[in-house]
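Here's the structure, in structure tokens; my notes come after.
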């Protein structure tokens, strides 16, 4: 007498949302139209306040004042009135592996974008004067000044800009238009606020990567760390090769380095997506407070 095997249907795996419309993370009072007004005021502040502080105090003080006073402070003021703060997902700590992959990915992407910028520079080159001003601004004359530049140009923008563009803007547009469109719109605004038309496509692509980091990890710490890593790498590269910095900005990376960067970026994206698919990553506004 044969016994029929007790076959149970396999448990369905986690399903990934397809560009869902998320609930408004900061309440009904904050909508895309008001965000665009806020961004317009930020742009005015970057030009006016940034121009004045650049003349009076120099590059480092200008970067600190504009990042904290023009980009972060308006978002903080709005959040104090509409909240909740936990929607920024600063209370969620991603896995250490996710943070390492985030940094690896942004370094690989930076190498790829160096090649991309080399191509775009042939079509619309950045004036040599602007290149030299940029290099002079992030060149340190002492170890102490180098540390100060890493803090002011890497760590502070990494925190301030990610709170504003991924933690605040991206979530608002995602709740209105869907997650993918929210990432794209926030990345576009992120590129525009830098007021650098020559590097606009590269800034947009970095913004898209940072936006997906926020989604894949469910935490704002991953894009903050990746953003700071990208900026710090630029500072260190200029200071390690200061005599040839201007000529290197116009050169494409060697083929072996481009291949290494592409492999690093692909490995990081695949690893992060695998971690995202393996478990259910909560949407940022659903993350409980510690």
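In the numbering used here, the protein residues as written are 818 to 1107. Quick reminder that beta carbons are idealized off the backbone N, C-alpha and C, glycines included. From a predicted model like this one, the values you see are computed outputs, not experimental measurements.
Could you give the DSSP three-state label for residue i: helix, strand or coil?
{"i": "residue 995", "result": "coil"}
{"i": "residue 1100", "result": "Interpretation of residue 1100 is limited by its pLDDT of 49, a score under 50 that renders its predicted location unreliable; the figure taken from the coordinates is listed afterwards. Looking at residue 1100 - three-state DSSP - the assignment turns out to be coil, as it is neither helix nor strand."}
{"i": "residue 958", "result": "coil"}
{"i": "residue 935", "result": "helix"}
{"i": "residue 920", "result": "helix"}
{"i": "residue 891", "result": "helix"}
{"i": "residue 944", "result": "coil"}
{"i": "residue 778", "result": "Outside the shown range of the chain (818 to 1107) lies residue 778, about which nothing can therefore be said."}
{"i": "residue 879", "result": "helix"}
{"i": "residue 846", "result": "Per-residue confidence for residue 846 stands at a pLDDT of 48, beneath the threshold of 50, marking its modelled position as unreliable; no derived number is given."}
{"i": "residue 911", "result": "coil"}
{"i": "residue 906", "result": "coil"}
{"i": "residue 1011", "result": "coil"}
Which same chain residues, not among the five before or five after residue i, have their C-beta less than 6 angstroms away from its C-beta?
{"i": "residue 950", "result": "none"}
{"i": "residue 921", "result": "1081, 1085"}
{"i": "residue 972", "result": "1045"}
{"i": "residue 862", "result": "887"}
{"i": "residue 874", "result": "none"}
{"i": "residue 1078", "result": "925, 928, 929"}
{"i": "residue 856", "result": "1006"}
{"i": "residue 1017", "result": "1008"}
{"i": "residue 868", "result": "none"}
{"i": "residue 912", "result": "none"}
{"i": "residue 934", "result": "1019"}
{"i": "residue 907", "result": "1037"}
Verify whether the separation of the beta carbon atoms of residue i and residue j is less than 7 angstroms.
{"i": "residue 982", "j": "residue 1008", "result": "no"}
{"i": "residue 969", "j": "residue 881", "result": "yes"}
{"i": "residue 955", "j": "residue 1055", "result": "yes"}
{"i": "residue 1035", "j": "residue 848", "result": "no"}
{"i": "residue 1043", "j": "residue 1030", "result": "yes"}
{"i": "residue 870", "j": "residue 877", "result": "no"}
I'd like the list of long-range same chain contacts for residue i, defined as Cβ closer than 7 angstroms, with 5 residues on each side in sequence excluded.
{"i": "residue 905", "result": "980, 984, 1037"}
{"i": "residue 1050", "result": "924, 927"}
{"i": "residue 986", "result": "852, 1003, 1006"}
{"i": "residue 915", "result": "1034, 1039, 1089, 1092"}
{"i": "residue 1048", "result": "970, 971, 974, 975"}
{"i": "residue 977", "result": "884, 885, 888, 889"}
{"i": "residue 1028", "result": "983, 987, 1000, 1003, 1004"}
{"i": "residue 943", "result": "1015"}
{"i": "residue 859", "result": "887, 888, 891, 1010"}
{"i": "residue 918", "result": "1085, 1088, 1089"}
{"i": "residue 819", "result": "Because residue 819 sits at a pLDDT of 47, beneath the cut-off of 50, its placement in the model cannot be relied upon, and the point is left open."}
Ordered along the chain, which non-local residues of its own chain (more than five positions away) have a Cβ less than 8 angstroms from that of residue i?
{"i": "residue 864", "result": "1012"}
{"i": "residue 1083", "result": "925"}
{"i": "residue 1022", "result": "926, 930, 933, 1004"}
Our contact map puts residue i next to residue j with C-beta atoms below 8 angstroms; I'd like the distance itself, whole angstroms only.
{"i": "residue 1069", "j": "residue 932", "result": "5 angstroms"}
{"i": "residue 957", "j": "residue 946", "result": "The pair is not a contact, with the Cβ atoms about 21 angstroms apart (cut-off 8 angstroms)."}
{"i": "residue 1019", "j": "residue 930", "result": "4 angstroms"}
{"i": "residue 996", "j": "residue 1032", "result": "6 angstroms"}
{"i": "residue 1015", "j": "residue 941", "result": "6 angstroms"}
Every unbroken alpha helix (DSSP H) inside the stretch 1023-1078 [4 residues or more] | Complete alpha helix (DSSP H) runs here, min 4: 1038-1057, 1062-1066.
Please specify which runs of the alpha helix (DSSP H), each continuous and at least 4 residues long, are wholly inside the stretch 961-993, giving them in chain order.
-> Segments of the alpha helix (DSSP H) lying fully in the stretch 961-993: 973-979.
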